[in-house]
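Each remark here refers to the structure printed beneath this line.
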Ligand SMILES: Cc1cc2nc3c(=O)[nH]c(=O)nc-3n(C[C@H](O)[C@H](O)[C@H](O)COP(=O)(O)OP(=O)(O)OC[C@H]3O[C@@H](n4cnc5c(N)ncnc54)[C@H](O)[C@@H]3O)c2cc1C
Ligand SMILES: Nc1ncnc2c1ncn2[C@@H]1O[C@H](COP(=O)(O)O)[C@@H](O)[C@H]1O
C-alpha cells in the first residue's frame, strides 16, 4: 500500500518541510503519494508532481481549504486514508494541528515527531525533551505519523513525473472561522532550514540589543533564533523560539549567545553539527554541549565577532 | 458555563530524566513530580475566566496513578472548584486520554475544555486535537490569547510563521501555550481550602472504553552524548576554529 504525505504549503508555494516528510515517508515501505489541500493551489500540486519518488498527487482545491483549518482538512484526509498504510506530515504547527484530529477520527494512535524509521511499523521518537529516545512499534492498521524534519534530508524537486488527480472536497468543518494571520517578516533565511543559526537569550538584555544578534547573523547569512526567555521578555517574536516547545533546528553551525542552556532549549538545538557558545558565566550548562565555548561578555564579543567576519 | 481542565502529573520540568538501565523507560521512582507546566497555564486561564464572570465552575481532571490526586489538589488550590481523578496505573496514550476526557466532558456538559498543548513527558502534543475530533468540536491549539465573546471564543495561536487568530463557536477545545499567562502560586489558605474540595474517583478500567495501548515501547535509550568541546580564549580563536577546524564559516 502507498504512503500519503500531507503537504504543507501557503497555496502558492510548497514548504520545504514537506520535502523532509517525503524522505521519511519513502522509508516506510510503499510508494509515496502527496495530498495538496488548499485553495488555488494547483501550482503547488505541480511542484509536488516533480518531487523525486512521488508517484501520485491528490489535489483538493476548494475555497473552504484556503486557511487550512483542521476542522475541514482532517475529514478530507480521513476520507482518503483507507487506501494508505501510512499518513505522514511534518511535525510543524500545521502537522501538529491537523494530524491528531485525523488519527482520532481513524481511531489510531498518532506516532508524534519521529526521528528515525526502522521499519514500516517501528519508529524512534524523542521523549522528555530529547533526554530519552523511545523505539516504538505501532499495531494500528493505518499509521498516522508526524516527522521531525531535521532528522530527514529534504527530497529534491526533480526526477518526479507524477500524475495530479483532483479529489472531491469533503464536508466543510463548521464552528471555526479564520480571522487573521500576523506573520513575522524577515529577510533572514528561514530558521528551521538555515545552515547557520545565531540565537540570543536573556543575556542580550533588550529588543534594541538584539540588533547586535541580527547584525552578526547578517554577516554569516544566518537565521536568527532565540531562547524562550528572550521571547517572553519581548526581545523577538514567538516564532524565533528554539526548543522543546518551539522550533527544532539542526544547522551546520548553531551560535548560542547569552543563553544558559536549559534542557528545554537544548532539546531544540543539540543535534546541530557544530555548536558554539558565548556566555560570561563559565559554569553555564550550554558549555557542556558546545564544541567551542567562549567565556566573555557578549557586549564585547559579539561586535568583535561581527567585525572579524566582515574582514 | 462549565470549564473542564486536563491536568497531568509529570516529571518536574527542571529535573533531569534518567533512562532505566534495562531500557524499559524513564526512572520515575523517587523523582520530583509536578503538574505539567502547560496545564498550569490552562488552570490559570480557567480561573481568570471565572474571576471575570465568564464561567461558573471549573472541573480539573487528571488521569493516572492515585498520586495524581496531588496534581488535582494543586489545581483546586489555584481556584478550580472540584476534581475528577481517573485512576489507572499505565501511562495512557493521548488517544485513550481523549476518549476518557470525552466521556467526562459529556457527563458534565462542559462548554469549554482547556488543555496543555503538550505533556512534557511523552511530548506527544495530541490529546486536545484528538478530543476535539472525537467530540466533533472546533479547536484552537497553541493558544497565547483566549477571549470569550458570547457564544464564541477568539483564540490567538502561536504558529511557525508568527501568530494566527481563529474564532470558534462554543463548545470548543483550546490547547494552551506557555505565553498565554503567568500561573499564580496558590496561597496557604487556598491550599488548605483545596483539601476540602470534592474529588470524584473513577477507575479507568470501569469506563467501558477501549484504552488498550496501540504502541509497544520496545526500548528507551539515552541519546548519544556529544563529544566534549573546547574552550577558546578569544573571538579571534573562535573564528579561526570555526573556519579551519570545523569548516562551518
Ligand atoms: C515546559 C517548558 C518548556 C520550555 N520550552 C522552552 C523552549 O522551547 N525553548 C527555550 O529556550 N526555553 C524553554 N523553556 C525555558 C527554559 O527552561 C529556560 O528558562 C530558558 O531557556 C532560559 O533562557 P535563557 O538561557 O535565555 O535565559 P537564562 O537562563 O536567564 O540565561 C541567560 C544567560 O545569559 C548569560 N549572560 C547574561 N549576561 C551576559 C553577558 N553580558 N554576556 C554573556 N552572557 C551573558 C548568563 O550567564 C546566562 O547563562 C521552557 C520551560 C518550560 C518549563
Ligand atoms: N493523563 C492525563 N490526565 C489529564 N490530562 C492529560 C493527560 N494526558 C494528557 N492530558 C492533557 O492533554 C494535554 C496534551 O497532552 P499530550 O497529547 O499527551 O502531549 C496535556 O497538556 C493535558 O492537558
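Residue numbers (our numbering), protein chains in the order written: chain A, 4 to 314; chain B, 32 to 280. Just so it is clear, CB atoms sit at the ideal spot from N, CA and C, and this is done for glycine as well.
Under 9 Å from the C-beta of residue i: neighbouring residues of chain A
i: residue 52 of chain B; result: Correct list: empty, because the minimum Cβ distance to chain A is about 13 Å.
i: residue 170 of chain B; result: 73, 74, 100, 104, 179
i: residue 198 of chain B; result: 179, 180, 181, 182
i: residue 267 of chain B; result: 307, 311
Best match in the options for proximity to residue i [C-alpha to C-alpha]
i: residue 56 of chain B; options: B:67, B:42, B:68, B:136; result: B:42
i: residue 100 of chain B; options: B:40, B:54, B:83; result: B:40
i: residue 276 of chain A; options: A:257, A:268, A:261, A:27; result: A:257
i: residue 222 of chain B; options: B:128, B:108, B:35, B:244; result: B:108
i: residue 38 of chain B; options: B:61, B:49, B:151, B:60; result: B:151
i: residue 182 of chain B; options: B:85, B:36, B:81, B:189; result: B:85
i: residue 89 of chain A; options: A:23, A:152, A:61, A:31; result: A:31
i: residue 297 of chain A; options: B:265, B:160, B:277; result: B:265
i: residue 167 of chain B; options: B:227, B:199, B:102, B:191; result: B:199
i: residue 243 of chain A; options: A:227, A:252, A:236; result: A:227
i: residue 9 of chain A; options: A:79, A:280, A:248; result: A:79
i: residue 171 of chain A; options: A:307, A:300, A:67, A:13; result: A:67
i: residue 87 of chain A; options: A:163, A:189, A:59, A:286; result: A:59
i: residue 220 of chain B; options: B:103, B:93, B:52, B:110; result: B:110
i: residue 114 of chain B; options: B:226, B:169, B:260; result: B:226
i: residue 262 of chain B; options: A:287, A:195, A:158; result: A:287
i: residue 132 of chain A; options: B:165, B:154, B:160, B:216; result: B:154
i: residue 173 of chain A; options: A:196, A:73, A:271; result: A:73
Contact set between residue i and chain B, taken where Cβ atoms lie within less than 9 Å
i: residue 143 of chain A; result: 245, 246
Contacting residues, own chain, Cβ-Cβ under 6 Å from residue i (five flanking each side not counted)
i: residue 130 of chain B; result: 240
i: residue 149 of chain A; result: 92, 94, 98, 102, 115, 116
i: residue 20 of chain A; result: 11, 93, 95, 152
i: residue 199 of chain A; result: 223, 225, 254, 256
i: residue 29 of chain A; result: 35, 56
Closer than 8 Å at the beta carbon, the chain A residues around residue i
i: residue 47 of chain B; result: 134, 266
i: residue 42 of chain B; result: 131
i: residue 136 of chain B; result: What residue 136 of chain B touches in chain A: nothing, since even the nearest Cβ is about 14 Å away.
8 Å CB neighbourhood of residue i in its chain, flanking five on each side removed
i: residue 72 of chain B; result: 147, 207, 208, 209, 211, 212, 214
i: residue 237 of chain A; result: 210
i: residue 295 of chain A; result: 277, 278, 279, 280
i: residue 133 of chain B; result: 162, 165, 166
i: residue 193 of chain A; result: 19, 226
Distance between beta carbons of residue j and residue i, contact taken as under 8 Å
i: residue 129 of chain A; j: residue 143 of chain A; result: Not quite, the Cβ-Cβ distance comes to about 21 Å (not below 8 Å), so this is no contact.
i: residue 241 of chain A; j: residue 194 of chain B; result: 7 Å
i: residue 40 of chain A; j: residue 63 of chain A; result: 4 Å
i: residue 235 of chain B; j: residue 242 of chain B; result: 6 Å
i: residue 205 of chain B; j: residue 143 of chain B; result: 7 Å
i: residue 245 of chain A; j: residue 179 of chain A; result: Not really, about 29 Å apart at Cβ, beyond 8 Å.
i: residue 222 of chain A; j: residue 303 of chain A; result: Wrong, their Cβ atoms sit about 16 Å apart, outside the cutoff.
i: residue 135 of chain A; j: residue 253 of chain B; result: 7 Å
i: residue 14 of chain A; j: residue 43 of chain A; result: 6 Å
i: residue 83 of chain A; j: residue 61 of chain A; result: 7 Å
Nonlocal neighbours in the same chain, by C-beta distance under 7 Å from residue i, ignoring five residues either side
i: residue 292 of chain A; result: 264, 269, 273, 278
i: residue 187 of chain B; result: 174, 175, 176, 194, 196
i: residue 274 of chain B; result: 280
i: residue 312 of chain A; result: 222, 223
Proximal residues of chain B, C-beta to C-beta of residue i below 7 Å
i: residue 235 of chain A; result: 210
i: residue 138 of chain A; result: 249, 250
i: residue 3 of chain A; result: As displayed, chain A neither begins before 4 nor continues past 314, which places residue 3 of chain A out of reach and without an answer.
i: residue 279 of chain A; result: 269, 273
i: residue 186 of chain A; result: 192, 193
i: residue 304 of chain A; result: 266
Minimum Cβ-Cβ distance from residue i to chain C less than 8 Å
i: residue 294 of chain A; result: Absent from the structure: chain C. Protein chains present are A and B.
Partner residues on chain A for residue i, Cβ-Cβ distance less than 7 Å
i: residue 272 of chain B; result: 295
i: residue 174 of chain B; result: Those within 7 Å of residue 174 of chain B in chain A number zero; the least Cβ separation is about 12 Å.
8 Å Cβ cut-off: residues of chain B touching residue i
i: residue 156 of chain A; result: The premise fails here: residue 156 of chain A is roughly 18 Å from chain B at the closest Cβ pair, so nothing lies under 8 Å.
i: residue 256 of chain A; result: 273, 277, 279, 280
i: residue 77 of chain A; result: 164
i: residue 3 of chain A; result: Not covered by the structure: residue 3 of chain A. The range shown for chain A is 4 to 314.
i: residue 298 of chain A; result: 262
i: residue 125 of chain A; result: 249
Output, in sequence order along the chain, the residues in the segment 207–240 of chain B whose CB is closer than 7 Å to any CB in chain A. 209, 210
If contact means a Cβ-Cβ distance below 8 Å, which residues of the segment 180–198 of chain B contact chain A? 185, 188, 189, 190, 191, 192, 193, 194, 195, 196, 197, 198
Taking only beta carbons into account, state which residues of the segment 144–171 of chain B come closer than 9 Å to chain A, listed in chain order. 148, 149, 151, 152, 153, 154, 155, 156, 157, 158, 159, 160, 161, 162, 163, 164, 165, 167, 168, 169, 170, 171
Members of the segment 208–242 of chain A that neighbour chain B once the beta carbon cut-off is set at 8 Å: 223, 231, 234, 235, 240, 241, 242
What residues from the segment 250–265 of chain B come within 7 Å of chain A, judged by C-beta to C-beta, listed N to C? 250, 251, 252, 253, 254, 257, 260, 261, 262, 263
Residues in the segment 105–128 of chain B having any Cβ partner in chain A nearer than 9 Å: 124, 125, 126, 127
Interfacial residues, the segment 57–84 of chain B to chain A, with Cβ spacing under 7 Å: 57
Counting only Cβ-Cβ distances shorter than 8 Å, please list the residues of the segment 108–120 of chain A near chain B, keeping chain order. 108, 110, 111, 112, 113, 114, 115, 116
Using a Cβ-Cβ cutoff of 7 Å, what residues of the segment 85–96 of chain A are near chain B? List them in chain order. 95, 96
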